[in-house]
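Protein chains in written order, with the working numbering: chain A, 19 to 133; chain B, 14 to 128.
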């Protein structure tokens, strides 16, 4: 069985300070892990993905995430927040399932960026 | 390359009616999946199609159905609408074949309001 838990429903940071959005997953086999961002009334945009290659994954807009198998974590970080980063972020687990693929979304973390 | 296109973007229906939503995937993508997003339940998987075959289905009642055409375009239908069906319906396409879990590319969604 697969599951994903985003540990914070809301995170608030000041512009220019680091961002940390936490995600833990559970999977009975090696899944693919993704982080997506959603701005209001928009679809989801891929930030980065992990598919069993390098454990430190770099994405767009300065975001990166580290896959830690021992901790079953895939936390998203950014060294310096920008106002435009304010949005909702989803950690996603995707893996093979009977006859196809199963996609599990975390509940989302809303990021607020203060000026 | 054009992205995932969903139509209509917004629609209002009344209880008991039915609705059909359309999704055109990125050219070359054969996998299309549908998701329901609500404030209370978050993002939930509806179904996934690959080469005109439904290969995975989420836990939704039979009122929710879908299909995929030979050109990979997909439609989903909701019959006998209920107030709780009000949501943002997101479609995603993927290049992934049967043995890979590729990233999902999302459309901007169809926002359905049921009165």
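Ideal placement from N, C-alpha and C gives every residue a C-beta, glycine not left out.
Cβ closer than 7 Å: which chain B residues qualify as neighbours of residue i?
i                      : result
residue 125 of chain A : 55
residue 67 of chain A  : 116
Just to confirm before moving on: does the CB-CB distance between residue i and residue j stay below 8 Å?
i                      : j                      : result
residue 75 of chain A  : residue 67 of chain A  : yes
residue 123 of chain A : residue 56 of chain B  : yes
residue 78 of chain B  : residue 63 of chain B  : no
residue 31 of chain B  : residue 90 of chain B  : yes
residue 121 of chain A : residue 106 of chain A : no
residue 116 of chain B : residue 107 of chain B : yes
residue 80 of chain A  : residue 97 of chain A  : yes
residue 29 of chain B  : residue 126 of chain B : no
residue 75 of chain B  : residue 58 of chain B  : no
residue 54 of chain B  : residue 34 of chain B  : no
Leaving out five residues on either side along the sequence, give the residues of the same chain with a beta carbon under 7 Å from the beta carbon of residue i.
i                      : result
residue 64 of chain A  : 52, 54
residue 30 of chain A  : 130, 132
residue 93 of chain A  : 38, 39, 40, 41, 83, 84
residue 111 of chain A : 20, 22, 43, 45, 49, 51, 122
Find the residues of chain A that neighbour residue i, judging by a C-beta separation of less than 9 Å, and give them in chain order.
i                     : result
residue 79 of chain B : Those within 9 Å of residue 79 of chain B in chain A number zero; the least Cβ separation is about 13 Å.
Might you give, ordered along the chain, the residues of its own chain that have their beta carbon closer than 8 Å to the beta carbon of residue i, omitting 5 neighbours on each side?
i                     : result
residue 22 of chain B : 121, 122, 123, 124
residue 16 of chain B : 39, 118, 120
residue 26 of chain B : 32, 94, 125, 126, 127, 128
Taking Cβ-Cβ distances shorter than 8 Å, what residues in chain B pair up with residue i?
i                      : result
residue 120 of chain A : 58, 69
Find the residues of chain A that neighbour residue i, judging by a C-beta separation of less than 7 Å, and give them in chain order.
i                      : result
residue 120 of chain B : 61
Tell me which same chain residues have a C-beta within less than 6 Å of the C-beta of residue i, skipping the five on either side of it?
i                      : result
residue 69 of chain A  : 50
residue 23 of chain A  : 42
residue 67 of chain B  : 60
residue 57 of chain A  : 105
residue 25 of chain A  : 40
residue 62 of chain A  : 54, 56
residue 65 of chain B  : 81
residue 86 of chain B  : 37
residue 90 of chain A  : 42, 43
residue 125 of chain A : 24
Selection of the segment 93-108 of chain B by Cβ proximity to chain A, strictly under 9 Å
Identification of residues in the segment 93-108 of chain B having a C-beta nearer than 9 Å to some C-beta of chain A yields 101, 103, 104, 105, 107, given in sequence order.
Along the segment 38-65 of chain A, what residues have a CB closer than 9 Å to any CB found in chain B?
Look at the segment 38-65 of chain A: the residues with a C-beta under 9 Å from a C-beta of chain B are 49, 50, 52, 54, 56, 59, 60, 61, 62, 63, 64.
Could you list the residues in the segment 92-113 of chain A with a C-beta less than 9 Å from some C-beta on chain B, going in chain order?
Cβ contacts with chain B come from 108, 110, 112, 113.
Short of 9 Å Cβ to Cβ, which residues in the segment 30-56 of chain B face chain A?
44, 46, 48, 50, 55, 56
Segments of 3+ residues assigned as beta strand (DSSP E) that fall wholly inside the segment 19-77 of chain A
21-24, 28-32, 37-39, 41-44, 50-56, 62-68, 74-76
Can you list, in chain order, the stretches of the beta strand (DSSP E) that have 3 or more residues and sit fully within the segment 79-119 of chain B?
87-91, 100-107
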